[in-house]
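Visitor: Got a structure for you, questions after.
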Amino acid sequence: MQPPSDIRKLLIQIELALEEGRYEEASTMLGSIDVETLKALSQDEIVAVGRVLNHLMETAEKKRDELIGKMKEIQAGKKYTE
Numbered sequence: 015m016q017p018p019s020d021i022r023k024l025l026i027q028i029e030l031a032l033e034e035g036r037y038e039e040a041s042t043m044l045g046s047i048d049v050e051t052l053k054a055l056s057q058d059e060i061v062a063v064g065r066v067l068n069h070l071m072e073t074a075e076k077k078r079d080e081l082i083g084k085m086k087e088i089q090a091g092k093k094y095t096e
């Protein structure tokens with residue numbers, strides 16, 4: 015069994031950051047992958063990058079929905095107190 019490639023190690027770090035709520039850090043790490051690195055990746059590694067991107071997007075959408083819900087609660091509370 016081969017040790018994980020540098021990109022796999024980075025993807026693992028990104029996943030851990032997402033799970034720990036360090037979204038900015040995860041986004042920065044993902045953004046650090048340059049085009050030349052992407053060109054050299056195997057098909058499996060490209061698929062893994064895609065999975066991490068999907069996870070990041072799903073997490074962002076979930077957080078956005080939570081914020082919208084909280085904003086609606088605040089709006090409803092303001093209307094109730096007026």
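Mapping the sequence shown onto this note's numbering, position 37 (from 1) lands on 51, and the numbers just tick up by one. Note that CB positions come from ideal geometry on N, CA and C, so glycine has one too. In this text the structure is predicted, and so the values were computed from the model without any measurement.
Compare the beta carbon distance of His69 and Leu32 with 8 Å and say whether it is the shorter of the two.
Guide: As a first step, residue 69 must be located in the sequence shown, where it is residue number 55. As a first step, residue 32 must be located in the sequence shown, where it is residue number 18. Cβ distance < 8 Å, so His69 and Leu32 count as in contact.
Visitor: On the CB-based measure, 16 or more other CB atoms within 10 Å of its CB, does Val61 come out buried or exposed?
Guide: Here residue 61 is taken as the residue at index 47 of the sequence shown, counted from 1. So Val61 counts as exposed.
Visitor: Can you list the alpha helix (DSSP H) stretches of 4 or more residues lying completely in the region 33-64, in chain order?
Guide: Here the runs fully enclosed are 37-45 and 49-54.
Visitor: In angstroms with no decimal places, state the Cα-to-Cα distance between Glu39 and Ala74.
Guide: The sequence position of residue 39 within the sequence shown is 25, counting from 1. The sequence position of residue 74 within the sequence shown is 60, counting from 1. The alpha-carbon atoms of Glu39 and Ala74 are separated by roughly 13 Å.
Visitor: Assuming Leu137 and Ile21 form a contact by the criterion Cβ under 8 Å, report the distance between their Cβ atoms to the nearest whole angstrom.
Guide: Residue 137 lies beyond the range of the chain shown here (15 to 96); nothing can be said about it.
Visitor: In its own chain, which residues sit with a C-beta less than 6 Å from the C-beta of Gly35, not counting the 5 before and 5 after it?
Guide: The sequence position of residue 35 within the sequence shown is 21, counting from 1. Excluding residues within five positions, none has a Cβ falling inside 6 Å.
Visitor: Going by the CB atoms, is the gap between Val49 and Leu25 shorter than 8 Å?
Guide: Translated into the one-based positions of the sequence shown, residue 25 becomes position 11. Translated into the one-based positions of the sequence shown, residue 49 becomes position 35. Not a contact, by the Cβ cut-off of 8 Å.
Visitor: Rounded to whole angstroms, what is the Cα-Cα separation between Met5 and Ile88?
Guide: For the chain, the structure presents residues 15 to 96; residue 5 sits outside this window and is missing.
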